[in-house]
Structure formats: C-alpha cells, structure tokens
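Each residue of the sequence shown is one higher than the one before, starting from 8 at the first, in this note's numbering.
Idealized CB from N, CA, C, for every residue including glycine.
Remember, it's a predicted structure, so these values are computed and weren't measured experimentally.
What follows is a set of notes on a single structure, which appears directly below.
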Amino acid sequence: MSDPTPPPFTPPVFASRVTGRDPEFKPHRTLAQARMAVALPGSWDSVLQCRTVRGGDVWEWDTSRSRWFLLHQVASGTPRTDLPWN
C-alpha cells in the first residue's frame, strides 16, 4: 500500500490588517476569511445583533507583480450594513 500524496501547498493570497490585533497583519486562504476578520463585531445592540464592525484593511497578493494591493478599507465603527462588499 502506498502513502497518499499530500495536497499541494497553496500559499495565502489574502490578508487582513487590524490595528490592535496580534498579529496586526494576518494571512488568509480565502477572501471571505479576510473580510470576516475585518467585519468582526465592534459593538453590539443586543447579545445576538452586531451593529458595527472593528474595521481594518483587506489585502490581496498580486502574483504577477509580487506585491500586496489594498482591496477594502473599513473604518472602525462602520455599520455592518455599510460594508463595501454588501
């Protein structure tokens, strides 16, 4: 019986930067993960309803230019309904 071949390594192509988080710049494999990191609750109306987000930047790795570029910039306290990807 042969060993199974491991899946190919896929480097992260998205990242989030959130001021005050440790680490401040964090890589993600998907755009949804990076957006979620920025859209985590900043304040709550009730236990179940998030009103505003903590904010931050969402970045994407440009493989053709070998550099990061900014996709979204969200200010802290932005209402959840006003996120740029809604």
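Judging by CA-CA distance, which residue of the options is the nearest neighbour of residue i?
i: residue 90; options: 76, 47, 72; result: 47
i: residue 38; options: 65, 28, 32; result: 65
Would you kindly work out how many angstroms separate the C-alpha atoms of residue i and residue j, rounded to a whole number?
i: residue 60; j: residue 92; result: 13 angstroms
i: residue 23; j: residue 83; result: 14 angstroms
i: residue 80; j: residue 44; result: 12 angstroms
i: residue 98; j: residue 78; result: Residue 98 lies beyond the residue range present for the chain, which begins at 8 and ends at 93; the question has no answer from this structure.
i: residue 21; j: residue 88; result: 23 angstroms
i: residue 68; j: residue 49; result: 27 angstroms
i: residue 76; j: residue 10; result: 39 angstroms
i: residue 74; j: residue 28; result: 23 angstroms
Can you round the beta-carbon distance between residue i and residue j to whole angstroms, since I take them to be within the 8 angstroms contact cut?
i: residue 26; j: residue 63; result: 7 angstroms
i: residue 58; j: residue 30; result: Not a contact, Cβ separation roughly 27 angstroms.
i: residue 35; j: residue 18; result: In fact, because the Cβ distance is near 11 angstroms, the residues do not count as touching under 8 angstroms.
Around the C-beta of residue i, are 16 or more other C-beta atoms found within 10 angstroms, so that it is buried, or is it exposed?
i: residue 42; result: buried
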